[in-house]
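J.:
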Amino acid sequence: MQRITSTIQNDSAILNLFIKPLSKVGFFIYMAKDRKFLTNILLIILVALVITIGIVIVKAIDYSRFKTEELKNSISHIERKLNDIEMNLKNSKSSRGQSDYEESRSRNIANLSYFDPDADFGGTIINCERTASENMNNILSNEKFVSDIWSYTNSSLTSRDYSDPDLIEPLMAEKWDLSEDKLVYDITIKPGILWHDFKDPVSGKEWKNIEVTAEDFKFYVDVIKDESVDCAPLRVYFQDLDRIEVLSRYRFKVYWKKKYFLSEAWTLGLSPLPKHFYKDYEVSFDGKKFNNDYARNKLVIGCGPYRFVRFDPGQRIILKRWEKYFGSKYGIAPPLETVVFEIINHPNTQFQALLSNDIDKMDLTPDQWVSKTDIPEFDSESSNFKIRKMNFPSRTYTYIAYNEKNPLFQDKRVRQAMTYLVDREKILKVAYNGLGRIVSGPFFIDSPYYDQAVKPYEFSPEKARLLLKEAGWEDHDGDGTLDKDGKKFEFTVLSVAQSTIQEKMFPIIDEDMKKVGIAMNVNKIEWSVFLQRLDKKNYDVVSLAWALPLDPDPTQVFHSSGADIESSSNHISFKSKEIDKLLDELRDCFDQNRRVEICHYIHKILHEEQPYTFLFCPDELLGINARYENVRLFPKYPVVPEEIMWTPKSKQSTMKISN
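In this note's numbering, the protein residues as written are 6 to 664.
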C-alpha cells in the first residue's frame with residue numbers, strides 16, 4: 006500500500022443549513038399573523054425540498070454514469086478481445102508484406118487492445134499535484150506520487166489487464182515458468198530493452214544505449230533485501246523471497262523460501278534497477294550511502310515509456326516519451342509526447358489553471374464538483390464545453406491514527422472513545438459534501454475482503470464518556486479537562502498545512518473533544534516535515550490515507566514486526582498477537598474464499614482494537630480537458646490511464662523543454 010495525504014476537499018454544508026429551520030416549521034406557522042408571512046415560510050420549505058431533491062438526483066445521476074461507464078468498458082473489452090482474435094487469424098493467413106505496425110498489433114503484450122491504432126502522436130498533458138517529495142527513489146519512498154512517476158518511467162516483467170486485473174500479461178518478460186511447488190520462477194526477458202540515456206549527476210559521465218539485463222533485476226531485489234536500506238514498507242513483501250540467480254544475460258531464476266499467495270504478483274511485477282546508475286557501489290554496496298545519495302535520488306532512470314527530463318523542486322516535473330522504448334515495436338508506445346506535473350498548492354489556484362488551459366487534468370475537490378462545475382465549460386452539450394468530469398470510487402481509505410507509543414492511546418477503551426467522538430456523518434457532509442462513504446476497516450469497501458457486517462461506530466459522546474471513565478479518565482480537579490494520575494488528557498494532531506479538508510475536519514472534532522474534557526491541539530506543518538515526523542514516529546495523532554492494492558495483505562501496516570522499526574508503515578506501533586497470527590496465515594493461503602474469511606476476522610479485531618478511527622472511502626473526482634481522446638475509466642482498478650490517451654494534431658499543445 007502507498008501512503009497518500011487525506012487532501013480531498015470540499016466546502017459545502019447546505020444540508021445542515023436547512024435542518025433547524027425545518028424543525029421549527031410548526032412554530033412559525035402558529036406565530037404567522039398574515040398570509041404573506043405564511044407564504045414566505047412555505048416558499049422556504051419548498052426551496053429546501055427542491056435543493057435536497059436536487060442533491061439526491063445529482064448523486065443518482067453520477068452513480069448511473071459510473072455504472073454505465075463500467076458496462077461500456079466491459080462491452081468494449083469484449084469487442085477489443087474479439088478484434089484481437091480476428092486480427093491474429095488474419096495475420097496468420099496474410100503475406101509477409103504486412104507493415105511493422107500491423108505485425109506489432111498481433112503480438113502478445115500487456116494492454117495492447119486499449120491503444121488506439123488511429124491515434125495521432127504528439128502533444129502534452131499537464132497534470133497537477135499539491136506537493137512533491139524531493140526524493141524520487143521509489144525504493145526509499147512510500148508516497149503514491151513517487152510510485153506514479155515510477156510507473157511512467159519504468160517498466161516491469163508483466164502488467165495486469167486494465168479491464169480484467171486477474172489477467173497477467175507480458176511486458177519485459179519474453180516467457181516464464183513456475184515450478185510445481187510454486188517456489189521457483191524461471192524468467193527470460195526480451196533482449197534489446199534499453200535504459201534511458203542520462204548524464205550522471207555526480208561523476209558527469211554520460212551513459213547511452215545501455216541494455217537491461219538479468220543483473221539489473223537481481224540488483225533491484227538485493228537492494229530491497231539489504232537491511233541497511235530504508236525501505237521497511239517494501240521489504241515486507243520480499244521477506245520470504247530467498248534470492249535471484251542469474252543464468253544468462255537475459256535469464257534468471259527467482260527463489261522463494263516459502264509459499265506466499267502474492268509471490269506470483271510480486272515476482273512477475275518485478276522491475277529492474279539500473280546497476281550502472283550506481284556504478285560507485287560496485288565494489289561494495291553501501292545501503293546508507295544509497296539512502297543519502299541526494300543527487301541520484303532526485304532523478305529517475307528507467308526503461309519505461311517516458312524518460313525523466315527535469316525536476317524543478319516546488320514547481321514541476323517533466324517527462325518526455327522515450328524514443329527508444331521497447332514497447333514501441335509492440336504497439337504500446339504512448340501517443341502523448343510530454344507529461345508534466347505542475348506543483349500548485351491551493352485547489353482554487355488549480356481550478357483557475359484548469360479553466361484557463363494552464364493545466365489539463367486535476368483532482369477536483371467536492372466543493373468544486375458541486376458548486377463550480379455547473380458552468381458551460383463542463384457541459385458536454387454546450388458550445389463552450391472543454392472540461393470532462395469523472396466521478397468514481399477511489400481505492401483508498403482515510404483514517405485518524407493514534408500513536409501507541411504515547412501512553413494516552415495504549416488502552417483500547419480510550420481509542421474506542423476517540424472514535425465515538427468523531428462525528429463522521431457531519432464531517433462527510435461538511436468536508437466531503439457527501440461524496441464518499443464511511444468505512445469501518447482497512448479493506449476496499451467494494452471488495453469481498455471488506456466485512457459489510459462490521460458497522461462503523463456511531464457518534465456518541467455519552468458512550469465515549471463511559472469508556473473514558475472506565476479507563477480512569479475523569480475531571481478530578483474540576484478544571485474542565487480530564488485527568489488521570491495527575492496527567493491531563495491533552496494531545497496534538499499533526500496536520501498537513503496544504504490540506505483544506507483537514508482545516509474543516511479538525512475543528513469539528515476539536516469541538517466535540519472539548520465537550521467531554523479532552524484538550525486537542527492542531528499543529529500545521531509542511532508535507533516534507535510531516536513525513537519526517539511520521540517516519541520517526543514522533544507525533545500523537547495524524548490523519549492520512551492508504552491507497553489499496555487489488556489483493557490485500559495488511560502485513561505492511563498492522564504486523565507487530567514493523568512496530569519498532571523506524572520508517573515502517575506500522576507508524577502507530579500497533580501490536581496484536583491475534584492480528585499477527587491471522588496475517589501470517591493470510592500470506593500462506595492460496596484459497597481466495599479462505600483469504601476472505603481471514604480478512605473478515607482481521608476486520609472484526611481491528612474494529613474492536615480501533616488503532617485507527619477509520620473514516621471514509623472518498624469519491625475520486627477528476628477534471629480533464631475535453632480535447633483528449635481515448636479517455637477510459639477501468640472501474641475494477643479504478644484507473645484512467647494516460648498512456649493510451651491522445652489528442653488530434655489540430656488540438657495538440659507543445660512545450661519547449663531543455664534537458
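Virtual Cβ for every residue (Gly too), placed ideally from N, Cα, C. Just so we're clear, the structure is a prediction, and the values are computed from it rather than from any experiment.
Taking the beta strand (DSSP E) that Gly439 belongs to, which residues open and close that run?
T.: Segment: none, Gly439 is in no beta strand (DSSP E) and carries neither H nor E.
J.: Ignoring anything shorter than 4 residues or poking outside the region 552-625, list the alpha helix (DSSP H) runs there in chain order.
T.: The qualifying runs are 560-563, 582-593 and 597-614.
J.: Quick one, which of Phe639, Leu273, Asn411 and His612 has its alpha-carbon nearest Glu625's?
T.: That would be Phe639, whose Cα lies nearest to the Cα of Glu625.
J.: Keeping to the same chain, check which residues put their C-beta closer than 7 angstroms to that of Ile513; ignore five residues upstream and five downstream.
T.: Closer than 7 angstroms at Cβ, skipping near neighbours: Asp428, Lys431, Ile432 and Val435.
J.: With DSSP run on the structure shown, which of helix, strand or coil describes Glu74?
T.: Since pLDDT at Glu74 reaches only 49, below the 50 mark, its modelled position is unreliable, and no value is offered.
J.: Enumerate in chain order the residues of its own chain whose CB-to-CB distance from Gln421 is below 6 angstroms, with the five nearest sequence positions on each side excluded.
T.: Correct list, in chain order: Leu472 and Gln615.
J.: Along the chain, where does the alpha helix (DSSP H) containing Pro175 start, and where does it finish?
T.: Looking at the DSSP string, Pro175 is not in any alpha helix (DSSP H); the run it does join, the beta strand (DSSP E), is Ile173 to Pro175.
J.: Tell me which residue opens and which closes the beta strand (DSSP E) that Leu246 is part of.
T.: Counting along the chain, the beta strand (DSSP E) containing Leu246 begins and ends at Leu246 to Val251.
J.: Alpha carbon to alpha carbon, how far is Phe346 from Glu571?
T.: When rounded, the distance between both Cα atoms is 30 angstroms.
J.: Among Glu185, Tyr425, Val547 and Ile130, which has the Cα closest to the Cα of Arg326?
T.: Considering only alpha carbons, the answer is Ile130.
J.: Suppose you measure from the CA of Tyr642 to the CA of Gly274; what does that come to, to the nearest Å?
T.: Distance between the alpha carbons of Tyr642 and Gly274: 16 angstroms.
J.: Does the beta-carbon of Thr652 have 16 or more other beta-carbons within 10 angstroms, so that it is buried, or is it exposed?
T.: The residue in question, Thr652, is buried, as its Cβ has 16 or more Cβ neighbours within 10 Å.
J.: Can you give the Cα-Cα distance for Lys580 and Trp155, rounded to whole angstroms?
T.: Using only the alpha carbons, I get a separation of about 32 angstroms.
J.: Among all the DSSP beta bridges, which residues are the ones paired with Thr497?
T.: Paired residues: Asn526.
J.: Looking at C-beta atoms only, is the number of pairs between the region 406-420 and the region 438-449 that lie closer than 8 angstroms three or more?
T.: Counting Cβ pairs under 8 angstroms, fewer than three are found: no touch.
J.: Going by DSSP, name the residue or residues bridged to Pro398.
T.: Pro398 is bridged to Asp624.
J.: Quick one: grab the DSSP three-state call for Asp384.
T.: Asp384: coil per DSSP, three-state reduction.
J.: Buried or exposed: which applies to Asp490, given that a residue is buried once 16 or more other Cβ atoms fall within 10 Å of its Cβ?
T.: Counting Cβ neighbours within 10 Å, Asp490 comes out exposed, since fewer than 16 surround it.
J.: For Leu628, collect the residues of the same chain with a Cβ closer than 6 angstroms to its Cβ; drop the 5 residues on either side in sequence, then sort them by chain order.
T.: The amino acid at residue 628 is misidentified as Leu; the sequence shows Gly. Result list for Gly628: Leu359, Met367, Leu369, Ile392 and Lys394, in chain order.
J.: Under three-state DSSP, which class holds Tyr335?
T.: In this structure, Tyr335 counts as helix in the three-state DSSP scheme.
J.: Give a yes or no on contact between the region 498-505 and the region 521-540, applying the rule of three or more CB pairs nearer than 8 angstroms.
T.: In short, these stretches touch, since the Cβ pair count reaches three.
J.: Please state the DSSP three-state secondary structure of Glu269.
T.: Three-state result, Glu269: helix.
J.: Under 8 angstroms, do Tyr265 and Thr193 count as touching if we go by C-beta distance?
T.: The answer is no: Cβ separation not under 8 angstroms.
J.: According to DSSP, what are the bridge partners of Leu199?
T.: Paired residues: Glu216.
J.: Put Trp478 into one of helix, strand or coil per three-state DSSP.
T.: Looking at Trp478 - three-state DSSP - the assignment turns out to be coil, as it is neither helix nor strand.
J.: Are there 16 or more other CB atoms within 10 angstroms of the CB of Asp545, so buried, or fewer, so exposed?
T.: Per the 10 Å Cβ criterion, buried.
J.: Looking at C-alpha atoms only, which residue of Asp205, Glu174, Ser160 and Leu267 is the closest neighbour of Asp589?
T.: Taking only the C-alpha atoms, the option nearest Asp589 is Leu267.
J.: Going by CA-CA distance only, name the one from Ile603, Arg301, Pro557 and Tyr190 that's closest to Leu252.
T.: The option with the nearest alpha carbon to Leu252 is Tyr190.
J.: In the DSSP assignment, find the unbroken alpha helix (DSSP H) run with Phe346 in it and report its ends.
T.: Run containing Phe346: none in the alpha helix (DSSP H); it sits in the beta strand (DSSP E), Thr343 to Ile348.
J.: Got a sec? Which residues, its chain only, sit under 6 angstroms from Ile215 by beta carbon, not counting five neighbours each side?
T.: Closer than 6 angstroms at Cβ, skipping near neighbours: Trp200 and His281.
J.: Leu553: which of Asn147, Asp121, Gly128 and Cys133 sits nearest, CA to CA?
T.: Among Asn147, Asp121, Gly128 and Cys133, the Cα nearest to that of Leu553 belongs to Asn147.
J.: Rounded to whole angstroms, what is the Cα-Cα separation between Asn142 and Arg470?
T.: When rounded, the distance between both Cα atoms is 46 angstroms.
J.: Within 10 Å of its beta-carbon, does Lys95 have 16 or more other beta-carbons around it, so buried, or fewer, so exposed?
T.: At Lys95, the pLDDT of 38 sits below 50, so the modelled position is not reliable and the matter cannot be decided from this model.
J.: Any chance you could list the alpha helix (DSSP H) runs of at least 4 consecutive residues sitting entirely within the region 283-332, in chain order?
T.: Whole alpha helix (DSSP H) segments, 4+ residues: 292-296 and 299-302.
J.: Is the beta carbon of Ser276 closer than 8 angstroms to that of Asn438?
T.: In this structure, Ser276 does not lie closer than 8 angstroms to Asn438 by Cβ.
J.: On the three-state DSSP scale, how would you describe Ser100?
T.: Model confidence at Ser100 stands at a pLDDT of 30, short of 50, so the residue's coordinates are unreliable and nothing is read from them.
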